[in-house]
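To start, the structure itself, in structure tokens.
Protein chains: 2
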Amino acid sequence: MPDRPQPPASRGNRRRHDPDRRERIIAACLEVIAEFGVAGTSHRKVAAAADVPLGSMTYHFSGMDELLHAAFGRFATSVSDGFDAMMAAAEGPEEAERIVVAIVDDTAAESHRFLVLTHELYTLAAREPAFRGLTNAWMARSRAALERHFDPATARMLDALIEGLTIHRALDTEPHDPAVAADAIRRITGLRT
Amino acid sequence: MPDRPQPPASRGNRRRHDPDRRERIIAACLEVIAEFGVAGTSHRKVAAAADVPLGSMTYHFSGMDELLHAAFGRFATSVSDGFDAMMAAAEGPEEAERIVVAIVDDTAAESHRFLVLTHELYTLAAREPAFRGLTNAWMARSRAALERHFDPATARMLDALIEGLTIHRALDTEPHDPAVAADAIRRITGLRT
DNA sequence: GCACTTAGTGTACGTTCGTCCACATGACGA
DNA sequence: TCGTCATGTGGACGAACGTACACTAAGTGC
Numbered sequence: 007m008p009d010r011p012q013p014p015a016s017r018g019n020r021r022r023h024d025p026d027r028r029e030r031i032i033a034a035c036l037e038v039i040a041e042f043g044v045a046g047t048s049h050r051k052v053a054a055a056a057d058v059p060l061g062s063m064t065y066h067f068s069g070m071d072e073l074l075h076a077a078f079g080r081f082a083t084s085v086s087d088g089f090d091a092m093m094a095a096a097e098g099p100e101e102a103e104r105i106v107v108a109i110v111d112d113t114a115a116e117s118h119r120f121l122v123l124t125h126e127l128y129t130l131a132a133r134e135p136a137f138r139g140l141t142n143a144w145m146a147r148s149r150a151a152l153e154r155h156f157d158p159a160t161a162r163m164l165d166a167l168i169e170g171l172t173i174h175r176a177l178d179t180e181p182h183d184p185a186v187a188a189d190a191i192r193r194i195t196g197l198r199t
Numbered sequence: 007m008p009d010r011p012q013p014p015a016s017r018g019n020r021r022r023h024d025p026d027r028r029e030r031i032i033a034a035c036l037e038v039i040a041e042f043g044v045a046g047t048s049h050r051k052v053a054a055a056a057d058v059p060l061g062s063m064t065y066h067f068s069g070m071d072e073l074l075h076a077a078f079g080r081f082a083t084s085v086s087d088g089f090d091a092m093m094a095a096a097e098g099p100e101e102a103e104r105i106v107v108a109i110v111d112d113t114a115a116e117s118h119r120f121l122v123l124t125h126e127l128y129t130l131a132a133r134e135p136a137f138r139g140l141t142n143a144w145m146a147r148s149r150a151a152l153e154r155h156f157d158p159a160t161a162r163m164l165d166a167l168i169e170g171l172t173i174h175r176a177l178d179t180e181p182h183d184p185a186v187a188a189d190a191i192r193r194i195t196g197l198r199t
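Those sequence lines, one after another, are chains X and L. First residue of the first sequence? That's 7 in this note's numbering, and the numbers climb one at a time after it. First residue of the second sequence? That's 7 in this note's numbering, and the numbers climb one at a time after it.
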């Protein structure tokens, strides 16, 4: 039998020292943004999602902006990592092109979460220069990854095209002919696969 | 000497019947969104910007969603109108291509407002299907405008490319070589100007 | 000019928000 | 074991929010 009164079981026996706390908050923040948008994100919702006390929010982050910055930084980095790894795995321009086509198809079809988070970030970056660093770094890494297989100018064009194709595919409710995207990419790369 | 107390002069002697009121609210709403984002838009801010009483908000619009829908509808329509007019003015694919290149250059350089509002709309559409109708109609009109000069498949590709180029140009802080965008567009159209 | 309808408004309510700070708690050297 | 310190917390506070509704003002037929 414990000699101190137990904290309410529902809150759980939170250990005081929790080294992953900050990371958990960031992860929870991304989930909240994905569900409610930046517009609907609040310290309270994030705290609830991460199962941490409200006070932890201002303890770990100076304010909403810092939290958003950290969350989107993590998001952009992880997406960049994934893209870079895929490009690194390709063994030549032809295979790289095939992978790019697959990415455009898959992104549009599957990942709603990715789409929402990306746009929330772009929207933030469009208005507040403080978030431009994030998008800049992301774009720079995308281009660098593409430059493994294409010349710099083509890499830039491809990067922009991927962006536009992904957006239009995702937002359009009518079904798309996948061949159109593949053809567009081929016209940019100039490869005759 | 008036027998009734005057309303405060600062608020002005608002006429009761004001047929443009709804439109003024919509216009003010767009300005608020451009400045504070959807996240920072409230009935109160819009009412202040439009110089109408708070009660007018719920009188003219059932809620924030309806207001946003009306505002973005107006925005998308006006942008579509502009683009369509420009395409209609072009006298052949070569001129159309030149105009498209100019649009990409200008949009990135000048219109911060356009960029912000566009992304706010996309973000909304990405999360809430209720706003997809707006983006769908917008995209459909863009494609139709391009189809004045290009075949349907090329028009789709061009539309997506314009999107991507505009975004990347606007968000990138490093200066861009305009020739890259022009070259990308040429690769898609296949024209040898 | 009066009675009645319609259009529009001011305000108060309950909710949710971010921030703050007095305090509780675990870590740790003596 | 105890005292001290840094870490972390709970709850209170004022500001801002959307909504609802009793009301005023303008329009309209007589």
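C-beta: ideal position from N, C-alpha, C; glycine also.
Taken through DSSP and simplified to helix, strand or coil, G69/X comes out as coil.
Chain order gives the chain L residues near V122/X as T129, A132, R133, where near means a beta carbon separation below 8 Å. Check the Cα spacing between A166/X and each of A161/L, P158/L, D157/L, L177/L: the tightest is with L177/L. Around A45/L, the beta-carbon contacts reaching into chain X at under 7 Å are V44, A45. Contact of D178/X with chain L by beta-carbon distance below 7 Å involves N142, M145. Cβ-Cβ separation between A187/L and V110/L: approximately 5 Å, consistent with a contact (criterion under 8 Å). About 10 Å separates the Cβ atoms of H66/L and R30/L, ruling out a contact at the 8 Å cut-off. Contact note: L60/X does not reach chain L at a C-beta cutoff of 9 Å; the least C-beta distance is about 20 Å.
Selection G88/L, P99/L, G61/L evaluated against H155/L yields P99/L as nearest (Cα-Cα). Each of P135/L, P25/L, T83/L was checked against the Cα of L123/L, and the nearest Cα belongs to T83/L. For H174/X, the three-state secondary structure derived from DSSP is helix. Secondary structure of G98/L (DSSP, three-state): coil.
Under the Cβ distance rule, H174/L counts among the residues neighbouring chain X, one pair being separated by less than 7 Å. Its Cα nearest to that of M163/L, the residue H182/X stands out among D157/X, H182/X, V85/X, E126/X.
The C-beta of L171/L comes closer than 7 Å to at least one C-beta of chain X.
A Cβ-Cβ distance of about 16 Å is found for the pair T172/L and R138/X, leaving them out of contact under the 8 Å criterion.
G43/L is the residue among G43/L, L197/L, W144/L whose C-alpha sits nearest the C-alpha of H118/L. Listed in chain order, the non-local C-beta contacts of L197/L below 8 Å within the same chain comprise P99, E100, E103, local neighbours out to five positions each way being set aside. Taking C-beta separations shorter than 8 Å and ignoring five residues to either side along the sequence, the partners of F81/L in its chain run L36, L123, L127, following chain order. In the structure shown, S62/L adopts helical secondary structure according to DSSP, grouped into three states.
DSSP, read as helix, strand or coil, puts T124/L in helix.
Secondary structure at G196/L: coil, using DSSP grouped into helix, strand and coil.
Here DSSP, grouped into helix, strand and coil, assigns G43/X to coil.
A159/L belongs to the set of residues whose beta carbon lies under 7 Å from a beta carbon in chain X.
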